[in-house]
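Protein chains in written order, with our numbering: chain P, -4 to 176; chain R, 301 to 615.
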């Protein structure tokens, strides 16, 4: 089990680095899918099959498809890649890199000391997850439901606005009908 | 060792079924439209499969210079791989199953949701406006119908209390789920047709408006992969319908379990072909509207009623 964990972790890290360094957004998103699949493998190797499958269904199967959907409609091509290349200068990435390097050093110190909590290798059945979701964390689940509802209502409101510019034929038809009235 | 044989056997049978469906579909369409269909090569024209495959192999495998090369090549592989992965969880008989996962149904849903990428990426990488339109339609259609497909199966999960497919088959020993969950069957099948983008819901490839849509730039064996992927998808949805609603390998003892499974699966494959022969294609907005305005409320209602009755029976 340990080997599976390490291999999929390496894949996840490499894929994530590729996400950051790709200039073309669709290629970056494809690497993001690979990274999600690798993370789902990590969950699977830690004995959480339900979370692993949900990771694939929700993130890889739905959310990233929508991302690609939007990028496709924007028709971002080589100009965007050129622009992206211009934007990446040393001063833009140096600050965040130094800060994350400090965090990484801390993490390494913790791992070497070895007093961090170890992961117990046990399988979590789906029933147990549902019980904890709908018993202990019921308020959180309901609140998330509220949030999603607000999002859907907002999207429906934005999508509802009327077309102002009608096609020539439709405009003529409308004029004819208004004359009749 | 036995495990490897099962994997190889399943793969062999599936690929042959998918290829054979080319012939079956043409013959059945011809029968329903009162003509002969392919009848020259071999007995009853069955060697048309060989002729078609050879033709696809010898066609020029052209990658358009304006296409995104690597994405263009990957796209057709994704559909075949994701559909073949879904067959991992299907119990062909009590002993012939590649892996009886605890999260079986969810695995099936996950793999079918990954299948969307082949359409989206194929259409996008072709760099052609008709392909792009096909990809956009395909993405929205498949994401929407995935939701109904997943929800329609949850009623069965409630009744069995398990996501494992062998448990679901065994729970149908007395009554098939088609009698307990008729609404779910109809919704699952409609969603299945939309997921495999078969006629009448072949809106992403609509020949008459989009000139084959997402795969108009594909030729040779890359087109063949989309083709095989579609037939594998038909087989998958038929096999899932047989397993979930019609008792899978269960049946009277005079035939072995796998024979029952194949008879049921082929019945649904024939139904898929009959749908193609008889129904006109709906408009794109009509398909999406019926999905969200009719099927979603129906499937939620079905879930609610199923849950209520299950609770009431258990006391």
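Ideal placement from N, C-alpha and C gives every residue a C-beta, glycine not left out.
Reference residue i; option with closest CA among the options
{"i": "residue 632(R)", "options": "321(R), 366(R), 325(R) and 432(R)", "result": "Chain R is shown from 301 up to 615; residue 632(R) falls before or after that span and cannot be answered."}
{"i": "residue 530(R)", "options": "364(R), 369(R), 418(R) and 542(R)", "result": "418(R)"}
{"i": "residue 354(R)", "options": "520(R), 528(R), 573(R) and 410(R)", "result": "520(R)"}
{"i": "residue 121(P)", "options": "457(R), 576(R) and 376(R)", "result": "457(R)"}
{"i": "residue -3(P)", "options": "13(P), 9(P), 17(P) and 41(P)", "result": "41(P)"}
{"i": "residue 504(R)", "options": "564(R), 455(R), 585(R) and 390(R)", "result": "585(R)"}
{"i": "residue 463(R)", "options": "48(P), 25(P) and 5(P)", "result": "48(P)"}
{"i": "residue 509(R)", "options": "430(R), 580(R), 600(R) and 331(R)", "result": "430(R)"}
{"i": "residue 184(P)", "options": "168(P), 7(P), 18(P) and 16(P)", "result": "The displayed coordinates of chain P run from -4 to 176. Any statement about residue 184(P) would go beyond what the structure contains."}
{"i": "residue 576(R)", "options": "351(R), 414(R), 490(R) and 344(R)", "result": "490(R)"}
{"i": "residue 37(P)", "options": "155(P), 10(P), 46(P) and 3(P)", "result": "3(P)"}
{"i": "residue 563(R)", "options": "574(R), 535(R) and 347(R)", "result": "535(R)"}
{"i": "residue 14(P)", "options": "31(P), 164(P) and 174(P)", "result": "31(P)"}
{"i": "residue 609(R)", "options": "539(R), 467(R) and 459(R)", "result": "459(R)"}
{"i": "residue 560(R)", "options": "437(R), 614(R), 469(R) and 525(R)", "result": "469(R)"}
{"i": "residue 78(P)", "options": "96(P), 119(P) and 17(P)", "result": "17(P)"}
{"i": "residue 118(P)", "options": "59(P), 44(P) and 27(P)", "result": "44(P)"}
{"i": "residue 333(R)", "options": "578(R), 361(R) and 596(R)", "result": "578(R)"}
Cβ-Cβ distance between residue i and residue j below 8 angstroms
{"i": "residue 548(R)", "j": "residue 445(R)", "result": "no"}
{"i": "residue 310(R)", "j": "residue 398(R)", "result": "yes"}
{"i": "residue 480(R)", "j": "residue 550(R)", "result": "no"}
{"i": "residue 484(R)", "j": "residue 455(R)", "result": "yes"}
{"i": "residue 24(P)", "j": "residue 66(P)", "result": "yes"}
{"i": "residue 375(R)", "j": "residue 421(R)", "result": "yes"}
{"i": "residue 580(R)", "j": "residue 482(R)", "result": "no"}
{"i": "residue 390(R)", "j": "residue 448(R)", "result": "no"}
{"i": "residue 19(P)", "j": "residue 76(P)", "result": "yes"}
{"i": "residue 408(R)", "j": "residue 386(R)", "result": "yes"}
{"i": "residue 21(P)", "j": "residue 63(P)", "result": "yes"}
{"i": "residue 341(R)", "j": "residue 330(R)", "result": "no"}
{"i": "residue 139(P)", "j": "residue 129(P)", "result": "no"}
{"i": "residue 343(R)", "j": "residue 326(R)", "result": "no"}
{"i": "residue 319(R)", "j": "residue 349(R)", "result": "yes"}
{"i": "residue 426(R)", "j": "residue 364(R)", "result": "yes"}
{"i": "residue 537(R)", "j": "residue 60(P)", "result": "no"}
{"i": "residue 533(R)", "j": "residue 565(R)", "result": "no"}
Below-8 angstroms beta-carbon distance, residue i vs any chain P residue
{"i": "residue 424(R)", "result": "yes"}
{"i": "residue 414(R)", "result": "yes"}
{"i": "residue 501(R)", "result": "no"}
{"i": "residue 377(R)", "result": "no"}
{"i": "residue 537(R)", "result": "no"}
{"i": "residue 420(R)", "result": "yes"}
{"i": "residue 439(R)", "result": "yes"}
{"i": "residue 402(R)", "result": "yes"}
{"i": "residue 459(R)", "result": "no"}
{"i": "residue 444(R)", "result": "no"}
{"i": "residue 432(R)", "result": "yes"}
{"i": "residue 435(R)", "result": "yes"}
{"i": "residue 366(R)", "result": "no"}
{"i": "residue 406(R)", "result": "yes"}
{"i": "residue 315(R)", "result": "no"}
{"i": "residue 409(R)", "result": "yes"}
Proximity test, Cβ basis, 8 angstroms: residue i and chain R
{"i": "residue 147(P)", "result": "no"}
{"i": "residue 153(P)", "result": "no"}
{"i": "residue 121(P)", "result": "yes"}
Near the ligand FAD: residue i beta-carbon under 7 angstroms from a heavy atom
{"i": "residue 587(R)", "result": "By its list of ligands, the structure shown contains no ligand whatsoever, and the ligand FAD lies outside what it can speak to."}
Cβ of residue i within 8 angstroms of any chain B Cβ
{"i": "residue 119(P)", "result": "As a matter of chain content, chain B is missing from the structure shown, whose protein chains are P and R."}
Chain R contacts from the region 60 to 86 of chain P (Cβ-Cβ distance under 8 angstroms): Of all residues in the region 60 to 86 of chain P, the ones placed with a Cβ closer than 8 angstroms to any Cβ belonging to chain R are 60, 61, 63, 64, 67 and 68, in chain order.
Interface positions of the region 12 to 26 of chain P facing chain R (Cβ-Cβ less than 9 angstroms), listed along the chain: Of all residues in the region 12 to 26 of chain P, 19, 21, 22 and 25 have a Cβ within less than 9 angstroms of some Cβ in chain R.
Cβ-based contacts, 7 angstroms cut-off: residues of the region 38 to 57 of chain P near chain R: Those residues of the region 38 to 57 of chain P that come within reach of chain R (Cβ to Cβ, closer than 7 angstroms) are 44, 45, 48, 51, 52, 55, 56 and 57.
Residues in the region 591 to 607 of chain R having any Cβ partner in chain P nearer than 9 angstroms: With the criterion set as a beta carbon lying under 9 angstroms from some beta carbon of chain P, the region 591 to 607 of chain R has no members that meet it.
Those runs of the beta strand (DSSP E) which lie wholly inside the region 479 to 550 of chain R and span at least 3 residues: As far as the region 479 to 550 of chain R is concerned, it has no whole beta strand (DSSP E) run of at least 3 residues.
Segments of 4+ residues assigned as alpha helix (DSSP H) that fall wholly inside the region 353 to 408 of chain R: Restricted to the region 353 to 408 of chain R, the alpha helix (DSSP H) segments that are unbroken, complete and at least 4 residues in length are 369 to 386, listed in chain order.
Against chain P: residues of the region 461 to 484 of chain R by CB proximity under 7 angstroms: For the region 461 to 484 of chain R, residues whose beta-carbon sits nearer than 7 angstroms to a beta-carbon of chain P comprise 463.
Those runs of the alpha helix (DSSP H) which lie wholly inside the region 303 to 359 of chain R and span at least 4 residues: For the region 303 to 359 of chain R, whole alpha helix (DSSP H) runs of length 4 or above, ordered along the chain, are 348 to 358.
Those runs of the alpha helix (DSSP H) which lie wholly inside the region 554 to 606 of chain R and span at least 4 residues: Qualifying alpha helix (DSSP H) stretches, in chain order: 557 to 578 and 584 to 590.
Uninterrupted alpha helix (DSSP H) stretches inside the region -2 to 55 of chain P (no shorter than 4 residues): Listed in chain order, they are 20 to 40 and 44 to 49.
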